[in-house]
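Working notes, beginning with the structure itself.
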Amino acid sequence: MTGTIRAAVLEALGTVRDPELDEPLPDLGFVSALEVEGDSVRVHLRLPTYFCAPNFAYLMVADADVAVRAVPGVGRAEVVLDDHFTSEEINSGIAQRRGFQASFDGLADDELDELRTLFRRKALLNRQQRLVKALLEAGATTAEVGRLRLGDLAPSPELEAYRRRRAELGLDTGPGAPLVVDTDGNPIPAELLERHLQLARLTRVSIEGNAGFCRGMLATRYDLPAPAPLPD
Amino acid sequence: MARYGAKGVKLYTAEWHDDSKGWKLTDPWALKYLAKAQELGVTNIHVHKGPTIWPLNRDSFDLADVDDAASTFPELNFIVEHVGLPRLEDMCWIGTQEPNLYGGLAVAMPFIHTRPAYFGQIVGELLYWMGEDRLLFASDYALWHPKWLVEKFVDYQYPMENEYPELTDDVKRKILGLNAARLYGLEVPEGVSAGDQGTGPDVTEKPAIPAEASVGGHSE
Chain H
449 MTGTIRAAVL
459 EALGTVRDPE
469 LDEPLPDLGF
479 VSALEVEGDS
489 VRVHLRLPTY
499 FCAPNFAYLM
509 VADADVAVRA
519 VPGVGRAEVV
529 LDDHFTSEEI
539 NSGIAQRRGF
549 QASFDGLADD
559 ELDELRTLFR
569 RKALLNRQQR
579 LVKALLEAGA
589 TTAEVGRLRL
599 GDLAPSPELE
609 AYRRRRAELG
619 LDTGPGAPLV
629 VDTDGNPIPA
639 ELLERHLQLA
649 RLTRVSIEGN
659 AGFCRGMLAT
669 RYDLPAPAPL
679 PD
Chain E
153 MARYGAKGVK
163 LYTAEWHDDS
173 KGWKLTDPWA
183 LKYLAKAQEL
193 GVTNIHVHKG
203 PTIWPLNRDS
213 FDLADVDDAA
223 STFPELNFIV
233 EHVGLPRLED
243 MCWIGTQEPN
253 LYGGLAVAMP
263 FIHTRPAYFG
273 QIVGELLYWM
283 GEDRLLFASD
293 YALWHPKWLV
303 EKFVDYQYPM
313 ENEYPELTDD
323 VKRKILGLNA
333 ARLYGLEVPE
343 GVSAGDQGTG
353 PDVTEKPAIP
363 AEASVGGHSE
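See below:
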């Protein structure tokens with residue numbers, strides 16, 4: 449039973465992403481330990497630096513907390529962030545369900561919804577560009593890519609990831625929806641397509657570059673063999 | 153300023169001190185400061201963007217305040233140090249809209265050694281979006297002697313296939329010194345030029361893109 453819960457919790461954590469880097473926490477090496485005793489689960493998270501932005505850190509802990517609690521068979525669950533300058537504020541805020549603003553009394557003037565939406569938009573462009581890049585490398589023209597619908601693409605994990613980003617923003621994920629859209633789900637007029645794809649490329653380059661940088665910092669901080677390993 | 157003829161200042165918006173939890177270039181007294189700088193002939197405003205700026209619910213690396221300040225003070229040059237990293241996308245996007253925005257390559261330069269392909273992407277994107285006249289070499293001199301960085305950059309070629317603007321010797325001359333010389337009115341040694349030196353920022357008109365396509369949310 450313990451082994452089953454352990455596997456299910458790990459799978460659940462695999463759905464939680466760093467909002468800024470657009471990758472699952474376990475893939476980034478941010479899950480440092482997973483303790484299971486009966487139906488009690490304790491997850492330890494860690495970040496590349498002591499000073500990583502508290503807002504993103506909070507989102508990750510909160511999302512992980514929700515994901516772990518939703519796993520069938522889990523009774524008590526606790527997700528804690530270690531080795532961070534706001535560990536105490538975040539861990540007690542999550543444990544007591546206080547929300548971000550109350551957890552950082554006097555230092556924040558709102559919750560994190562706007563921040564999350566902004567980075568979901570960036571993630572959308574990131575994932576869209578990965579698909580487009582693969583199509584262009586396979587010989588498609590920009591104009592052809594611009595005409596594609598989601599249903600024209602063969603199923604793949606990358607396509608699923610893109611669909612999830614769209615769903616998170618409330619955008620159409622049906623087979624008839626255009627593949628290339630702006631962050632509000634609108635199709636891109638032909639004359640703006642090139643420009644849009646370059647903006648998406650820029651966004652991917654930035655996110656991937658930052659993810660590489662963070663992996664390197666984490667590996668240095670915790671003396672890990674790079675790239676970040678999955679927890680046992 | 154008058155005594156030394158200073159033409160530039162370096163500002164750190166992530167400064168924490170007592171009650172202050174960082175500030176923005178759009179804060180009322182920051183605007184006064186910039187107006188005074190302009191009055192005194194201090195035309196180059198180097199901005200070190202950094203983490204942990206109040207309020208914590210906002211993206212602490214965003215460049216929206218530089219964007220606004222650059223619009224408010226078109227006579228001043230705003231040099232964003234470390235080219236806005238980790239928000240290269242914001243940097244490039246704002247750069248297409250504000251002709252007085254420059255990128256300082258401190259911290260980005262050493263990637264030429266540790267991650268040469270990523271360095272190529274950074275420089276390639278900046279050249280594509282902002283042009284070759286608005287990038288400034290920086291050495292992080294407090295960490296090491298700049299000689300190796302200069303030499304590596306002079307020899308650098310993109311190590312990967314790419315669609316970026318070519319990194320020619322003239323482009324490198326501009327980045328390594330001619331652009332800074334222009335900003336600071338420095339005399340360039342005889343025989344050193346990039347052919348079209350002194351023509352000012354390259355803000356080639358690019359096709360308009362609907363505001364909603366922007367992901368940075370720079371309009372406040």
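First to last, the sequence lines map onto chains H and E.
Its first residue numbered 449, the first sequence is counted upward by one per residue in the working numbering.
Its first residue numbered 153, the second sequence is counted upward by one per residue in the working numbering.
We put the beta carbon where it would ideally sit given N, CA and C, even for glycine.
Remember, predicted model here, so these are calculated numbers, not experimental data.
Short CB-CB distance (under 8 Å) between residue i and chain H
i	result
E:Asp217	no
E:Lys324	no
E:Gln249	no
E:Arg239	yes
E:Thr351	Caution applies to E:Thr351, whose pLDDT of 43 falls short of 50 and renders its modelled position unreliable; the model cannot decide the point.
E:Glu318	no
E:Pro262	no
E:Leu208	yes
E:Val367	For E:Val367, the pLDDT reaches just 49, beneath the cut-off of 50, and the residue's location in the model is therefore unreliable, although a value from the coordinates is still provided. Judged by the 8 Å Cβ criterion, E:Val367 is in contact with chain H.
E:Lys173	yes
E:Arg267	yes
E:Asp292	no
E:Asp211	yes
E:Tyr270	yes
E:Glu167	no
E:Glu277	yes
E:Gln273	yes
Short Cβ contact (8 Å threshold) for residue i with residue j
i	j	result
E:Val199	E:Leu177	yes
H:Glu606	H:Arg578	yes
E:Ile197	E:Phe230	yes
E:Val218	E:Val232	yes
H:Gly650	E:Leu208	Before going on, a small fix: residue 650 of chain H reads as Leu here, not Gly. No, these two residues do not count as a Cβ contact at 8 Å.
H:Glu526	H:Phe504	no
H:Gly541	H:Ile453	no
H:Ala659	H:Glu471	yes
E:Trp281	E:Gly337	no
E:Leu186	E:Phe225	yes
H:Ala638	H:Val580	no
Counted within 10 angstroms of its Cβ, other Cβ atoms place residue i as buried (16 or more) or exposed
i	result
E:Thr351	Only weak support exists for where E:Thr351 lies, its pLDDT of 43 falling under 50; the value from the coordinates is given anyway. Exposed: under 16 other Cβ atoms inside 10 Å.
E:Ser172	exposed
H:Gly451	exposed
H:Pro414	Within the shown structure, residues of chain H are numbered from 449 to 680, placing residue 414 of chain H beyond reach of any answer.
E:Glu364	Note on E:Glu364: pLDDT 46, under 50, position unreliable in the model; no value is reported.
E:Met153	exposed
E:Met312	exposed
H:Thr668	exposed
H:Ser488	exposed
E:Thr356	Caution is warranted here: a pLDDT of 48 is assigned to E:Thr356, below 50, making its placement in the model unreliable, and no coordinate value can be reported.
E:Pro180	exposed
E:Gly368	With a pLDDT of 44 at E:Gly368, under the threshold of 50, the predicted position of this residue should be treated as unreliable, though the coordinate-derived value follows. Buried, by the Cβ-count rule.
H:Ala395	Outside the displayed range of chain H (449 to 680) lies residue 395 of chain H, so it cannot be described from this structure.
E:Trp175	buried
H:Ser604	exposed
CB-CB length for residue i against residue j, believed under 8 Å
i	j	result
E:Leu287	E:Leu278	6 Å
H:Ser654	E:Leu240	4 Å
E:Leu330	E:Ala346	5 Å
E:Met261	E:Ala290	6 Å
E:Gly276	E:Tyr254	No, E:Gly276 and E:Tyr254 are not in contact; Cβ-Cβ is about 17 Å, not under 8 Å.
H:Leu473	H:Leu458	That pair is no contact at about 10 Å.
E:Asn252	E:Ala216	Not quite, the Cβ-Cβ distance comes to about 16 Å (not below 8 Å), so this is no contact.
H:Ala609	H:Arg652	In fact, because the Cβ distance is near 13 Å, the residues do not count as touching under 8 Å.
Within-8 Å CB hit, residue i to chain E
i	result
H:Pro635	no
H:Val653	yes
H:Phe478	no
H:Ala505	no
H:Pro502	yes
H:Glu559	yes
H:Gly618	no
Residue i Cβ short of 7 Å to the ligand FAD heavy atom set
i	result
E:Pro238	Although the ligand FAD was asked about, the structure shown includes no ligands whatsoever.
Meets three-Cβ-pair contact criterion under 8 Å: the segment 487-495 of chain H and the segment 559-569 of chain H:
Between the segment 487-495 of chain H and the segment 559-569 of chain H, the count of C-beta pairs closer than 8 Å stays below three; the two stretches do not touch.
Between the segment 476-484 of chain H and the segment 494-511 of chain H, do three or more beta carbon pairs fall short of 8 Å?
With a cut-off of 8 Å, the segment 494-511 of chain H and the segment 476-484 of chain H count as touching, because enough Cβ pairs lie within range.
Is it true that the segment 601-620 of chain H meets the segment 629-636 of chain H, where meeting means three or more beta-carbon pairs spaced less than 8 Å apart?
The segment 601-620 of chain H is in contact with the segment 629-636 of chain H.
Contact the segment 578-596 of chain H vs the segment 542-553 of chain H: 3+ CB pairs below 8 Å:
As far as the Cβ criterion goes, the segment 578-596 of chain H does not touch the segment 542-553 of chain H, which means the pair count is below three.
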